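A.B. asks: Each residue of the sequence shown is one higher than the last, beginning at 1497 in my numbering.
Glycine included, C-beta positions come from ideal geometry on N, C-alpha and C.
For clarity, every value in this text was computed on a predicted model and none was experimentally measured.
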Amino acid sequence: MSDDITRLTVDAAHVGKRLDRFIVDALPELSRARVRLMLDEGRVRVDGRRARKGDPLREGSVVELQGAAPPADFTPVAAPDAPLTVRHEDPALLVVDKPAGQPTHPLKPDETGTLANALVGRYPDTAAVGFHKREPGLLHRLDTDTSGLVLVARTAAAFEALRAAQLSDAITKRYLALVEGEVASEGVVDLPLVPHRKDPKRVEAVTDHVRLRAGTRTHEARTHYRPARAFDGYTLVEVEISRGFRHQIRAHLAAAGHPLVGDTLYRGPALPESLGSLGRHFLHASELRLQHPDDGRELRVVSPLPDDLAAVLGRLRSRA
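(1) Would V1646 pass as a contact of T1600 if the rule is Cβ separation under 8 Å?
(2) Name the two residues that bound the continuous beta strand (DSSP E) containing L1634.
(3) Between the Cα of T1640 and those of T1651, T1622, G1609, F1627, spot the shortest distance and give me the residue it belongs to.
(4) From R1583 to I1667, what distance separates their C-alpha atoms?
(5) Find out if the Cβ-Cβ distance for the pair A1652, A1614 is shorter than 8 Å.
(6) Classify A1747: buried if its beta carbon has 16 or more other beta carbons within 10 angstroms, exposed otherwise.
(7) Taking only three categories from DSSP, how would you classify E1656?
(8) Tell me, to the nearest whole angstrom, how far the beta carbon of L1674 is from that of V1757; I am working on the premise that it is less than 8 Å.
(9) When the Cα of L1658 is compared with those of G1644, V1591, L1689, which residue comes out closest?
(10) Just to confirm before moving on: does the CB-CB distance between G1512 and P1552 stay below 8 Å?
(11) Over the uninterrupted alpha helix (DSSP H) stretch that includes F1518, give me the two end residues.
(12) Output yes or no for whether 8 Å exceeds the beta carbon distance between R1528 and P1696.
(13) Could you name the residues of the same chain whose beta carbon sits closer than 7 Å to that of V1506, not counting the 5 residues immediately before and after it, in chain order?
(14) Under 8 Å Cβ to Cβ from D1516, same chain only, skipping five residues before and after it: list those, please.
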């Protein structure tokens, strides 16, 4: 560990605020993710004691950050032998199938096992494309426990064209989700999303019951859903979005009163023992539709339901 120590003193304006928010306010070059990483590694102390990110602060307390902060951006470690399921490949773009349990990209330079590590290992050209180096060619991300299709650009021209298409809602993403309760008809959740007031791991939909702090940035989001099959106590729904914000589908369906099965973060129900253990939320990115950036042809790529989710549906059908 580096001997470098950064010391910050808590002023009156930050009394009672969360430690991670105070550090980001004081050191804007650090992202929340980088601060959380330093906290997890035990490299942040308050008045000499190891601290947690949610600890409230007192005026005059001294916050110490030990060692150099993680780099803001980096190229993922190439893993050419890592498993990678490719559903579509051409010189301009890829569509790959991410399994549940795999992060989309790393949070620190030596992290491996992510989709990004496999991408730069097999397709080195993606390393020069994207929003950030750590997200090689990625037009969007999936939560770690969400499986399914991810769109990847291989050239700068393709990335810019696909980014523009995404911003104009010209790329359609379809998902399959098993939710709690009976969904009788199709519907739309058209509610902005904001970071959760108390839990940084969550987002929340802006409703009459959600009071926003001054200056809170909202993200416009629209989720269309339709019932595909009803079961006793559950419904398999088809979900469609164009862009997509962090946890959009999970938060929107929960706001509609139909949280995802297995989604403990958004108070979704666990499966009863008779249906077996799932170990993650039931959400799969099953289809992508877009116009190819080179010639405008319609491109449709699909992903079959993974074995663990298909097994749950099989048990539900057998007891119907």
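C.D. replies: So, from the data block:
(1) yes
(2) Element bounds for L1634: n/a, residue is neither H nor E.
(3) G1609
(4) 17 Å
(5) no
(6) buried
(7) helix
(8) About 5 Å; that satisfies the 8 Å criterion.
(9) Residue V1591 holds the alpha-carbon nearest to the alpha-carbon of L1658 among G1644, V1591, L1689.
(10) yes
(11) 1515-1522
(12) Cβ atoms of R1528 and P1696: closer than 8 Å.
(13) F1518, L1553, R1554, E1555, G1556, S1557, V1559
(14) Excluding positions up to five away in sequence, the list reads R1528, V1531, R1532, L1535, K1549, G1550, P1696.
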